[in-house]
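The sequence shown maps to residues 9 to 302 in this note's numbering.
Every residue, glycine too, gets a C-beta built ideally from N, C-alpha and C.
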Amino acid sequence: MNTSTIFGITNWCLTIFAGLLYLSIFIIVIKCHRELHNLSVILTCNTCLAAFLTCITVFIMVSSNLFNGYLLHDIHFCYVWGLFYDIFECSIYYSYCLQAFFRLCRVVFYKKRFLVSYSLYNILIIVQWILVFSLLIPTLFLQWYIRLPTETYCLIPYTDTYASTYLIIVLYLIPLIFITTIYIWITLYVRQSSHPSSAGITINRRQRNLRDLTVIKRIIILISILMILRFPTIIFIIYGVIAGHLFAYTYAIVGLITLLCLIFIALITIHITPELRSNILNLMTSRDNRVDSQ
Numbered sequence: 009m010n011t012s013t014i015f016g017i018t019n020w021c022l023t024i025f026a027g028l029l030y031l032s033i034f035i036i037v038i039k040c041h042r043e044l045h046n047l048s049v050i051l052t053c054n055t056c057l058a059a060f061l062t063c064i065t066v067f068i069m070v071s072s073n074l075f076n077g078y079l080l081h082d083i084h085f086c087y088v089w090g091l092f093y094d095i096f097e098c099s100i101y102y103s104y105c106l107q108a109f110f111r112l113c114r115v116v117f118y119k120k121r122f123l124v125s126y127s128l129y130n131i132l133i134i135v136q137w138i139l140v141f142s143l144l145i146p147t148l149f150l151q152w153y154i155r156l157p158t159e160t161y162c163l164i165p166y167t168d169t170y171a172s173t174y175l176i177i178v179l180y181l182i183p184l185i186f187i188t189t190i191y192i193w194i195t196l197y198v199r200q201s202s203h204p205s206s207a208g209i210t211i212n213r214r215q216r217n218l219r220d221l222t223v224i225k226r227i228i229i230l231i232s233i234l235m236i237l238r239f240p241t242i243i244f245i246i247y248g249v250i251a252g253h254l255f256a257y258t259y260a261i262v263g264l265i266t267l268l269c270l271i272f273i274a275l276i277t278i279h280i281t282p283e284l285r286s287n288i289l290n291l292m293t294s295r296d297n298r299v300d301s302q
């Protein structure tokens, strides 16, 4: 068994594991829909949907590597599938922007009820997906996607410096700047509202503001960690530009890192969503009690 096959099998197993994690989250939300019917959980599900769709695209790509390269039977479909991968991955980061915006509205603009309404965020979720599509679809018409020399699927090659830079800016930098700006905004507001002169703000509201601030802080930490995990990609790009070619297992290693990121997102999503975490603990506790009673 050669190295590429080992990478393929490892990534294939990790993809299945990540997909099952997101399916579990969806099942819990559906099973406990009454307790979890709030905007925070809906926005979390939007993030999980983007991550789950990313798992599906990665699964198909890795399977193509392992099983006769079926994606290459129709090269145009191969290009489109590579585009789907970038769209779904990009949607993960932009869904966090939506979560941060919700926290901003709930803390700073809490008097404007329409800014925390279900109808608004249903529209914003659709707008978020349309925005991501509009940012990335032009890359297909610019013919940035190719069949990767070392793989049996299609993506934008890291040797294309201009295209790779565009992806880094769109996928990572814009969401991080947006969320960081909101975090600073909320931080300044919370500090101001915590001042003794701000007697008009109730203790409960202050506590909720601090919780929202904590959630956004965790989201920033999450995206920062994901960017750090993406540094190998940047290193491979620099290596490709300098050497004129890529390391043989570049895309396999990047795929492995991507899957670890997806698993990390699933676990941290449960951790930073109190409603989801508490329901999981309740389900585990009730199951243990049933086992003990038997």
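Inset, instruction - Measure the C-alpha to C-alpha separation of N19 and G248 and round it to an integer number of angstroms. - result: Using only the alpha carbons, I get a separation of about 23 Å.
Inset, instruction - Could you check the C-alpha separation between L123 and C56 for me, to the nearest Å? - result: Straight across, the Cα-Cα distance linking L123 with C56 is about 23 Å.
Inset, instruction - Return helix, strand or coil for I154, following the three-state DSSP convention. - result: Correct three-state label for I154: strand.
Inset, instruction - Return the first residue and the last residue of the alpha helix (DSSP H) that G77 is part of. - result: Segment: none, G77 is in no alpha helix (DSSP H) and carries neither H nor E.
Inset, instruction - Please report the residue range of the alpha helix (DSSP H) in which Y104 lies. - result: Its alpha helix (DSSP H) spans residues 83 to 115.
Legend entry - Closest residue to I229 among H279, I145, A260, Q136 (Cα-Cα distance): Ranking H279, I145, A260, Q136 by Cα distance to I229 puts H279 first.
Legend entry - Backbone secondary structure at C40 - three-state DSSP: C40 sits in coil when the DSSP states are folded into three classes, being neither helix nor strand.
Inset, instruction - Express the C-alpha separation of L80 and C86 in angstroms, rounding to a whole number. - result: Near 6 Å, if we compare the C-alpha coordinates of L80 and C86.
Legend entry - Between the CA atoms of S71 and G90 - distance to the nearest angstrom: G90 and S71 have their alpha carbons spaced roughly 14 Å apart.
Inset, instruction - Counting only the same chain and skipping the five closest in sequence on each side, list residues whose C-beta sits under 8 Å from that of K225. - result: Only Y191 meet the Cβ criterion.
Legend entry - Inter-residue spacing [alpha-carbon to alpha-carbon] between H84 and R199: Cα-Cα distance, rounded: 54 Å.
Inset, instruction - Counting only the same chain and skipping the five closest in sequence on each side, list residues whose C-beta sits under 7 Å from that of T52. - result: Closer than 7 Å at Cβ, skipping near neighbours: T277, T281, L284.
Legend entry - Residue span of the alpha helix (DSSP H) that contains H279, given as start and end: Taken as a continuous stretch (DSSP letters only), the alpha helix (DSSP H) holding H279 covers 258 to 280.
Legend entry - Buried or exposed by the 16-neighbour rule on C-beta atoms within 10 Å, applied to L143: It counts as buried.
Inset, instruction - Determine the DSSP secondary structure at L163, reduced to helix, strand or coil. - result: In this structure, L163 counts as strand in the three-state DSSP scheme.
Legend entry - DSSP-derived helix/strand/coil call for L289: When DSSP states are grouped into helix, strand and coil, L289 belongs to the helix group.
Inset, instruction - Please work out which residues of its chain come closer than 8 Å, Cβ to Cβ, to F186, disregarding the five sequence neighbours upstream and downstream, and give them in chain order. - result: Taken in chain order, the residues that qualify are C105, A108.
Inset, instruction - Compute the Euclidean distance between the alpha carbons of V262 and T241, then round it to the nearest angstrom. - result: C-alpha separation (whole angstroms): 6 Å.
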